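**Student:** Each residue of the sequence shown is one higher than the one before, counting from 385 in my numbering. Glycine residues also receive a C-beta, built at the ideal position from the N, C-alpha and C atoms. Predicted model only: the values in this text are computed from it and were never measured. Below is the structure I would like to discuss, written out as structure tokens.
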Amino acid sequence: MRTVQVAVIGGGAAGVLTAVALLGTPVHDVVLVDPSPGRGLAYGPAEPYHLLNSPARAMSAYEGEPTHFLEWCQGIDPGSGPGDFMSRASYGDYLAETLGVEEAAALGRLALLRSRATGVARHPGRGMVVTTASGERVHADHVVLALGQGRARRLSVMEPVRGDPRYIEDPWAPGALDRVPSAEPVLLVGTGLTAIDAAFSLAERGVAGPLVAVSRHGLLPRAHTRGAAEAVRGLAAPEPTASLAELTRRVRSLAASVPDWRAVVDLMRPSVDRYWHALGDAGRERFVRHLARYWEIHRHRMAPPVAERVERMRESGALRIEAGSVRSAAVAPDGLSVRLNGSRRFGAIVNCTGRDRLTATADPLITGLLADGLATPGPSGNGLDVAPDGAVLDATGNPNPALWTLGPPRFGHLWETTAVPEIRHQATVLADHLVTGAPLGV
């Protein structure tokens, strides 16, 4: 059994950012446990035409070096600017290269264990023990669950077609979209960023469609504009309030006072979790029920080139956006029969609704933590139940001083916890805490 101070489970963006933050302190030895560390789900299978939805200036892996990613981009293309939207594939390259540089510079303080973590248990002495699919065991003073997003969301309405090759449950699975026929209509369930990426991938594969993207409200993400940040100068973000109606009024009033509403959304972003907590349980429930989708399309926006391509596809009829709900799906002799507003036939269906709740996964790591009482589901089943500092709460509601999480598993307690800037900050604060014991201000 090898012994380290911190074991980080997960080698995607969250895991890399955590390792970078830990190695930025003078004392931590780290083992990163993941079969393919460095890219993760979000940036591994991406194509060159899949762009980040945040500009280069926001995507550094280092909290104290905000231009690090931009400088990396400029080393490849000197014309790269802070407001440019790079490809997700290039960001995957950046993460992998950054991890490699850190490994080389760490002088043995970072080890990459290329295996899947299958369990975490308390050590009889102190700390935790991580077991892997390859049979290795790691004893660590602290374990950080940097798990990222869960598996593709399973839609109960799609049970009758699950297993049919024409139903694509996870568009990011290797080769999944290669099964889509090129000359038949295709249904995309969802109208968010995943649906847009899937539409581009299908178009690049020569799928003529048409592609029909459907969601309850039929809302697409809004587009970024390059000059929105300039409108922030002199503005103050709205103060948190327990009244959702009052917060909405303040936001609308402020947005009406500036040339570009995007500036207000960006101004609010650092305070989103203060708003979230101030609303209380009832206010948060109302927000999720009535306003969450509207916030998401304004907050998670399309890069300008992406928005332009979407508009061209809509104008040509290659992509159609509809409001509605899938009421049923069935296998038919000539395709998949779907009841939306009337019965319609599609050559394939692609699930673009995003990732499922972490605790819905069949991953033995998560199921084991829940079964052993080392973790419990978070609010409304989202993520894991955690203390304000990210310590995982056990079945008795007590924080485990050796088990931590950050990023998407904290969703529910936090609203803004899935993007690189927030995960990077959480990792930095956690690393400092593990050195000094200082309170975590996340």
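For Q810, which residues in the same chain have their Cβ closer than 8 Å to its Cβ, ignoring the five residues on either side in sequence?
**Tutor:** G774, L790, G791, R794, T801 and V826
**Student:** Whole angstroms are fine: how far does the CA of H526 sit from the CA of C736?
**Tutor:** 36 Å
**Student:** By a C-beta neighbour count over all protein chains shown, 10 Å radius and 16 as the cutoff for buried, is Y478 buried or exposed?
**Tutor:** Taking every protein chain shown into account, the CB of Y478 has 16 or more other CB atoms within 10 angstroms, so this residue is buried.
**Student:** Would you mind working out which of D554, A732, Y427 and L651 sits nearest G395, comparing C-alpha positions?
**Tutor:** Y427
**Student:** Who are the Cβ neighbours of V400 in its own chain at under 6 Å, not counting the five residues just before and after it?
**Tutor:** L479 and L483
**Student:** Would you grab the beta carbon distance between D740 and A490 for me? Rounded to a whole angstrom, and I think it's under 8 Å.
**Tutor:** Rounded, the Cβ-Cβ distance is 35 Å, inconsistent with contact.
**Student:** How many angstroms separate the CA atom of A398 from the CA atom of I807?
**Tutor:** 6 Å
**Student:** Going straight from the alpha carbon of V570 to that of P555, what length do you get?
**Tutor:** A direct Cα-to-Cα measurement between V570 and P555 gives close to 13 Å.
**Student:** Starting from the C-beta of A822, find all residues in its chain whose C-beta is less than 7 Å away, skip the five residues before and the five after it, and write them out in chain order.
**Tutor:** Per-residue confidence for A822 stands at a pLDDT of 48, beneath the threshold of 50, marking its modelled position as unreliable; the derived number appears in the next sentence. So the list reads D816, once near-sequence residues are dropped.
**Student:** Roughly how many whole angstroms lie between the Cα atoms of L572 and R729?
**Tutor:** 13 Å
**Student:** Taking the C-alpha atoms as reference points, what is the distance between V690 and L531?
**Tutor:** 28 Å
**Student:** Helix, strand or coil for R646? Go by DSSP, reduced to three states.
**Tutor:** helix
**Student:** Within the stretch 586-665, note down every full alpha helix (DSSP H) run reaching 4 residues or more, in order along the chain.
**Tutor:** 628-640, 646-652 and 656-662
**Student:** With DSSP run on the structure shown, which of helix, strand or coil describes L749?
**Tutor:** helix
**Student:** Run through the stretch 398-425 for me and flag every whole beta strand (DSSP E) of 3 or more residues, listed as ranges in chain order.
**Tutor:** 414-417
**Student:** Beta-carbon within less than 7 Å of R423's beta-carbon, same chain only, minus the 5 sequence neighbours each way: which residues are those?
**Tutor:** G396, G476, L479 and A480
**Student:** Which residues does DSSP list as the beta-bridge partners of A505?
**Tutor:** V513
**Student:** Which runs of the beta strand (DSSP E), 3 residues or longer, sit entirely within the stretch 549-581?
**Tutor:** 570-573
**Student:** Compare the beta carbon distance of V417 and L497 with 8 Å and say whether it is the shorter of the two.
**Tutor:** yes
**Student:** Helix, strand or coil: which one does DSSP assign to G731?
**Tutor:** coil
**Student:** Excluding the 5 residues flanking S464 on each side, which residues of the same chain have their C-beta closer than 7 Å to its C-beta?
**Tutor:** A440, L454, C457 and Q458
**Student:** For T515 and R521, which I take to be in contact (beta-carbon distance under 8 Å), what is that distance rounded to the nearest angstrom?
**Tutor:** 5 Å
**Student:** For V813 and T745, what's the separation of their Cα atoms in angstroms?
**Tutor:** If I take the Cα positions, the gap works out to 28 Å.
**Student:** Below 8 Å on the Cβ atoms is my guess for V694 versus S438; work out the distance and round it to an integer in Å.
**Tutor:** Actually they do not touch by this definition, with Cβ atoms about 18 Å apart.
**Student:** Below 8 Å on the Cβ atoms is my contact criterion, and I expect R670 with L603 to pass it. Report the Cβ-Cβ distance as a whole number of Å.
**Tutor:** Rounded, the Cβ-Cβ distance is 19 Å, inconsistent with contact.
**Student:** So A490 is in the beta strand (DSSP E); what residue range does that whole segment cover?
**Tutor:** No beta strand (DSSP E) contains A490, which DSSP labels as neither H nor E.
**Student:** Would you mind giving the Cβ-Cβ distance between V528 and V392, rounded to the nearest angstrom? I have them listed as a contact below 8 Å.
**Tutor:** Going by Cβ atoms, the distance from V528 to V392 rounds to 5 Å, so yes, they are a contact pair.
**Student:** Out of curiosity, what's the CA-to-CA distance linking R510 and E431?
**Tutor:** For R510 and E431, the distance between alpha carbons rounds to 44 Å.
**Student:** Let me check understanding here. Comparing Cα to Cα, which of P421, R472 and A621 lies closest to S499?
**Tutor:** Of the candidates P421, R472 and A621, the one whose C-alpha sits nearest the C-alpha of S499 is P421.
**Student:** Under 8 Å between the Cβ atoms of G757 and H797?
**Tutor:** no
**Student:** What's the C-alpha gap between S444 and T402?
**Tutor:** 13 Å
**Student:** Touching or not, the stretch 595-610 and the stretch 695-714, by the rule of three or more beta carbon pairs under 8 Å?
**Tutor:** Yes, they touch.
**Student:** Below 8 Å on the Cβ atoms is my guess for A647 versus L619; work out the distance and round it to an integer in Å.
**Tutor:** 7 Å
**Student:** Which word fits L675, buried or exposed, when buried means at least 16 other C-beta atoms lie within 10 angstroms of its C-beta?
**Tutor:** exposed
**Student:** Count the other CB atoms within 10 Å of the CB of Y551; is the residue buried (16 or more) or exposed (fewer)?
**Tutor:** buried
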